[in-house]
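Shown next, in structure tokens, is the structure this report addresses.
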Amino acid sequence: MFRKVENSLKNLMIKIFLDWPAWFRGTAVGFCSKAFHIKNLISELHPVCIALQETHLKPADIAKIKRYCLVRKVNENESGRASGGVAHLVAHDTPSSVITLHTNLQALAVRVMLSNLVTVCTLYLPSSTSVDERDLDRLVDELPAHFIIVGDFNGHSPLWGSNNTNSRGRQIEEFINTHSLCLLNNGEDTYEVELSTLRSSYYARRLFPYFNFRVGVDLHDSDHFPIFLDRSVLTMFNV
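In my numbering, the protein residues as written are 94 to 332.
Structure, rendered in structure tokens:
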């Protein structure tokens, strides 16, 4: 059962940057060189949560955005260089908590209070690394009800607008079917280099009717266009 409530300035729930350019390596200086893009969008859109993949941050790197709390999961390769990594920026005035995940995947989840609690999980699946389906299954099992998984999965499938299918795409298709997930992508191109393929996909469970998917037009020094999930009208839902 659902009921509408008044509109809020926080109608924009999530703003996502994907795939920083290869030369961005997540040092404190590198992060700061990109931070003004995020700050400008924060000033314009007042997002509740910002999800990032491929942050390339190391544990000792200092990365801050005013009025937002940064939570991150770093990833380093065998040589000790930052590789991949995921993070969330959550507005200080939004009640939130970090979900403890027992996974080797580059995944990070937070619960944010909108009209009800919503779990947002950011996930990066590198194209060079094989992914065990059991790890994906366990990830879903650990997420509380009313969740959104947002990320770069490096999968190709006509299901989300690609002209071809690769093994990762078939794996993600099976993942969607197994867990009865809803695909939020609407067919808009998100990748600047290969506009015929979508590498970044978004899945929601139980929340599909309440969010709108749209793609920004400014790359903001990324090779992916920014992606927005927003709510035109706030809703209340029963768990």
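Beta carbons: idealized from backbone N, C-alpha and C, even for Gly.
In chain order, what are the residue ranges of uninterrupted beta strand (DSSP E) at least 3 long that sit wholly in the segment 208 to 251?
Note on the segment 208 to 251: whole beta strand (DSSP E) runs with a minimum of 3 residues are 210 to 217 and 240 to 245, in chain order.
Alpha carbon of ARG263 to alpha carbon of LEU274, nearest angstrom:
Looking up residue 263 in the sequence shown gives position 170. Looking up residue 274 in the sequence shown gives position 181. Roughly 15 Å between the two C-alpha positions.
On the DSSP bridge list, what partners appear for LEU138?
In the sequence shown, counting from the first residue as 1, residue 138 sits at position 45. In the DSSP output, where bridge partners are listed per residue, LEU138 has none listed.
Hey, would you say GLU235 sits closer than 8 Å to HIS195, going by beta carbons?
By one-based count along the sequence shown, residue 235 stands at place 142. By one-based count along the sequence shown, residue 195 stands at place 102. For GLU235 and HIS195, yes; Cβs fall inside 8 Å.
Can you tell me where the alpha helix (DSSP H) holding ARG263 begins and where it ends?
Stepping through the sequence shown from its first residue, residue 263 is reached at position 170. It spans 260 to 271 - the alpha helix (DSSP H) in which ARG263 sits, taken as one unbroken run.
Candidates GLN199, SER190, ASN197 and ASP228: which alpha carbon is nearest VAL211's?
The residue you call residue 211 lines up with position 118 of the sequence shown. Of the candidates GLN199, SER190, ASN197 and ASP228, the one whose C-alpha sits nearest the C-alpha of VAL211 is SER190.
Taking 8 Å as the threshold (C-beta atoms), are LEU276 and ILE269 in contact?
Position 176 of the sequence shown, counted from the first residue, corresponds to residue 269. Position 183 of the sequence shown, counted from the first residue, corresponds to residue 276. Closer than 8 Å, so yes.
Starting from the C-beta of HIS185, find all residues in its chain whose C-beta is less than 8 Å away, skip the five residues before and the five after it, and write them out in chain order.
Your numbering for residue 185 matches position 92 in the sequence shown. Contacts found: ARG160, TYR161 and CYS162.
Using beta-carbon positions only, say whether LEU207 and VAL141 come within less than 8 Å of one another.
Taking the first residue of the sequence shown as position 1, residue 207 is located at position 114. Taking the first residue of the sequence shown as position 1, residue 141 is located at position 48. Yes; because the gap between Cβ atoms is below 8 Å, this pair is in contact.
With burial defined as no fewer than 16 other Cβ atoms inside 10 Å of the residue's Cβ, what is the status of GLY177: buried or exposed?
Counting from one through the sequence shown, the residue named residue 177 turns up at place 84. Under this definition GLY177 is a buried residue.
Beta-carbon separation (whole angstroms), THR215 vs LEU145, contact threshold 8 Å
Numbered from 1 along the sequence shown, position 122 holds the residue referred to as residue 215. Numbered from 1 along the sequence shown, position 52 holds the residue referred to as residue 145. Right, their Cβ atoms sit about 7 Å apart.
Given this structure, state the Cα-to-Cα distance separating HIS139 from ILE131, to the nearest angstrom.
For the purposes of this step, residue 139 is taken as residue 46 along the sequence shown, with counting starting at 1. For the purposes of this step, residue 131 is taken as residue 38 along the sequence shown, with counting starting at 1. One C-alpha to the other measures close to 11 Å.
Hey, how far is the Cα of ASP154 from the Cα of ALA175?
In the sequence shown, the residue the question calls residue 154 occupies position 61. In the sequence shown, the residue the question calls residue 175 occupies position 82. Spanning the two alpha carbons is a distance of roughly 10 Å.
Just confirm the distance between the C-beta atoms of VAL183 and VAL205, as a whole number of angstroms; I'd bet it's less than 8 Å.
In the sequence shown, residue 183 corresponds to position 90, counting from 1. In the sequence shown, residue 205 corresponds to position 112, counting from 1. Indeed they touch by this definition, with Cβ atoms about 6 Å apart.
N- and C-terminal bounds of the beta strand (DSSP E) containing LYS157
For the purposes of this step, residue 157 is taken as residue 64 along the sequence shown, with counting starting at 1. Judged by DSSP secondary structure, LYS157 falls outside any beta strand (DSSP E); it is assigned neither H nor E.
Just the Cα atoms here: how many angstroms apart are ASP228 and ILE135?
Working through the sequence shown from its first residue, we reach residue 228 at position 135. Working through the sequence shown from its first residue, we reach residue 135 at position 42. Taking the straight line joining both Cα atoms gives about 33 Å.
Our contact map puts VAL243 next to VAL224 with C-beta atoms below 8 Å; I'd like the distance itself, whole angstroms only.
Here residue 243 is taken as the residue at index 150 of the sequence shown, counted from 1. Here residue 224 is taken as the residue at index 131 of the sequence shown, counted from 1. Between VAL224 and VAL243 the Cβ distance is about 16 Å, and since that is not below 8 Å, they are no contact.
Element boundaries [beta strand (DSSP E), containing LEU182]
For the purposes of this step, residue 182 is identified with residue 89 of the sequence shown, where counting begins at 1. Annotation: the continuous beta strand (DSSP E) that includes LEU182 extends over 179 to 184.
Once the 5 residues before and after ALA128 are set aside, which same chain residues still bring their CB inside 7 Å of it?
To locate residue 128, count along the sequence shown from 1; it is residue 35. Within the same chain, ALA128 has close Cβ partners ILE158.
With 16 other CB atoms within 10 Å as the buried threshold, where does ALA200 fall?
Looking up residue 200 in the sequence shown gives position 107. With 16 or more Cβ atoms within 10 Å of its Cβ, ALA200 is classed as buried.
Does any residue of chain B bring its CB to less than 8 Å from the CB of PRO219?
Here chain B cannot be found, since the structure has a single protein chain.
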